[in-house]
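Start counting at 1 in the sequence shown, then tack on 3, and there's your number in this note's numbering. Inspection log for the structure reproduced underneath, given as structure tokens.
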Amino acid sequence: MKIGFVLDDGLDATDGVQQYVLTLGTWLLKQGHDVHYLVGQTVRDDIPNIHSLGKNLTVRFNGNRLSIPFSSSKKKIVQLLQQEQFDVLHVQMPYSPQLAGKVISAAPQTTAVVGTFHILPYGRVQAAATWALSKVVAPSLRRFDSIVTVSTAAQGFAKKYMNITSSVVPNAVSLAKFAKGARKKKSAQTRQRIIFLGRLVPRKGCIELLQAVDQLVNVHKVTDFEVVIAGHGQQRAKIEEFIAEKKLGDYVSMSGWLTEADKPHFLSNADIAVFPSIAGESFGIVLVEAIAAGAGVVLGGDNPGYRYVLEDEEALVSPKDTAVFAERLRALLRDPKLRSRLQKAQQKRIEDFDVAVVGGQIEHIYQREIAKRAKKSDNGNK
Numbered sequence: 004m005k006i007g008f009v010l011d012d013g014l015d016a017t018d019g020v021q022q023y024v025l026t027l028g029t030w031l032l033k034q035g036h037d038v039h040y041l042v043g044q045t046v047r048d049d050i051p052n053i054h055s056l057g058k059n060l061t062v063r064f065n066g067n068r069l070s071i072p073f074s075s076s077k078k079k080i081v082q083l084l085q086q087e088q089f090d091v092l093h094v095q096m097p098y099s100p101q102l103a104g105k106v107i108s109a110a111p112q113t114t115a116v117v118g119t120f121h122i123l124p125y126g127r128v129q130a131a132a133t134w135a136l137s138k139v140v141a142p143s144l145r146r147f148d149s150i151v152t153v154s155t156a157a158q159g160f161a162k163k164y165m166n167i168t169s170s171v172v173p174n175a176v177s178l179a180k181f182a183k184g185a186r187k188k189k190s191a192q193t194r195q196r197i198i199f200l201g202r203l204v205p206r207k208g209c210i211e212l213l214q215a216v217d218q219l220v221n222v223h224k225v226t227d228f229e230v231v232i233a234g235h236g237q238q239r240a241k242i243e244e245f246i247a248e249k250k251l252g253d254y255v256s257m258s259g260w261l262t263e264a265d266k267p268h269f270l271s272n273a274d275i276a277v278f279p280s281i282a283g284e285s286f287g288i289v290l291v292e293a294i295a296a297g298a299g300v301v302l303g304g305d306n307p308g309y310r311y312v313l314e315d316e317e318a319l320v321s322p323k324d325t326a327v328f329a330e331r332l333r334a335l336l337r338d339p340k341l342r343s344r345l346q347k348a349q350q351k352r353i354e355d356f357d358v359a360v361v362g363g364q365i366e367h368i369y370q371r372e373i374a375k376r377a378k379k380s381d382n383g384n385k
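Written as structure tokens, this is what we have:
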């Protein structure tokens, strides 16, 4: 099959949607398919078949910085589609009418169009913006042959705010890549290690984690552990001030931003990997990565996307409930049998998210919708 992944953003960032596209694209390429990337403004040139089709600007949405297209050449898009004759276009959703919308509208009737809906916005403003966007792109939405969502949480949001009917096919992660990347010699640790990896922004819950750590030390009198925070973002100064104010410097350190290559080893050194995101998560790729890398146990914020991935109540916590959060950390630090039981369950759970499993499901959808398009074309020619 000739497959075109369609993404309004570029491929320079390492956010979840880019990871999804590249992980699936790499796997599909290994299966012998011809994979192309129809994207917005990008400078990346280490991947074959990248077609940069627009000019982008950076905006904030759902607590993230996004690159969205503000212009693209319809003529260039039409020429590319005529030249390549894709069997299927796989569009990342929601999408802008300025790039992906033009690609969809220009797609030949023989080309199947499949979508993956990725988001679960944080807040009413973002949800309202998504609803407004649905009205703008409504004509092109009718062109889709099949739409999947990355979780039941995203599925519900897509139906409510964009009237999209979808099936759930989760995000894909290369489990082997993270297991292999974690096989470096583990760091020498005399204390149990709690790690946080993510953007230092309010909704990711790093401050809430530190509030629980403060209570762990000063109320529960647990001191034989360390916390390592990896990431960067607007809250860094506030986090450093909190550590100093609460005199947590003996327990908490900040390692800064990590490259993708460094992530598996960092995650593998965790006895407890904590991702206390408050909201705005449709899935939780980082949870799967941490489990695949061999973290002792993963504890996530109790939001719908993380709940879909982790399932177990004992692996979820309300970040805003400091007392319960601190008690959950204390229990995990003190009970190796609990950690072991949760880890085994989590290792089993993530098998559903391996790219070989998810990729096979997506490949089947492509084949099914291409066959339907071919049948329609044959019937139309009779």
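Positions of the beta carbon are idealized from the N, C-alpha and C atoms, including for glycine.
Spatial distance of residue i from residue j (CA atoms)
i	j	result
A318	P307	13 Å
A348	K105	44 Å
T119	V9	10 Å
V91	I107	11 Å
V361	I353	11 Å
L56	Q350	40 Å
S321	V172	26 Å
D37	L27	12 Å
I232	G304	16 Å
A132	Y98	12 Å
I288	N382	42 Å
Q158	Q346	27 Å
Residue i burial status per 10 Å Cβ neighbour count (16 or more: buried)
i	result
P124	buried
S343	exposed
E244	exposed
R145	exposed
P51	exposed
D274	buried
D217	buried
A247	exposed
V128	exposed
H93	buried
Beta carbon of residue i nearer than 9 Å to that of residue j
i	j	result
N272	R371	no
Y40	V24	yes
F278	K207	yes
D11	D18	no
S169	V151	yes
I198	A334	no
S76	G43	no
A156	S285	yes
A215	K375	no
K241	I281	no
L200	A276	yes
L219	A329	yes
V117	Y369	yes
Nearest candidate by alpha-carbon position, reference residue i, set the options
i	options	result
K183	D265, D217, F245	D265
R194	Y369, W260, D253	D253
S380	E87, G35, V94, Q112	Q112
W134	T152, R127, M165, L84	M165
F181	A295, F286, S154, S99	A295
V81	K58, Q95, A109, M96	A109
S177	S258, L31, A377, K5	L31
Y309	V153, A329, M4, I242	V153
E229	E87, A359, L341, S258	S258
D15	L270, K78, V46	V46
R202	S149, Q192, M96, T262	T262
L290	A377, F356, Q85, L219	F356
P142	A103, K163, A179	A103
Cβ-heavy atom distance, residue i to the ligand SAM, below 8 Å
i	result
S169	Of ligands this structure carries none, so the ligand SAM is not represented either.
Next on the checklist: In chain order, what are the residue ranges of uninterrupted beta strand (DSSP E) at least 3 long that sit wholly in the stretch 5 to 79?
Outcome noted: Counting only unbroken stretches of 3 or more residues, the beta strand (DSSP E) elements lying wholly within the stretch 5 to 79 are 5 to 10, 37 to 42, 53 to 55, 57 to 64, 67 to 75, in sequence order.
Checklist entry - Could you give the uninterrupted runs of the beta strand (DSSP E) lying entirely in the stretch 189 to 253, keeping only those of 3 residues or more? => result Those beta strand (DSSP E) runs which fall completely within the stretch 189 to 253 and span 3+ residues are 195 to 200, 228 to 233.
Checklist entry - Curious, which full-length beta strand (DSSP E) runs of at least 3 residues does the stretch 86 to 151 contain? => result Runs of the beta strand (DSSP E) inside the stretch 86 to 151: 91 to 96, 115 to 120.
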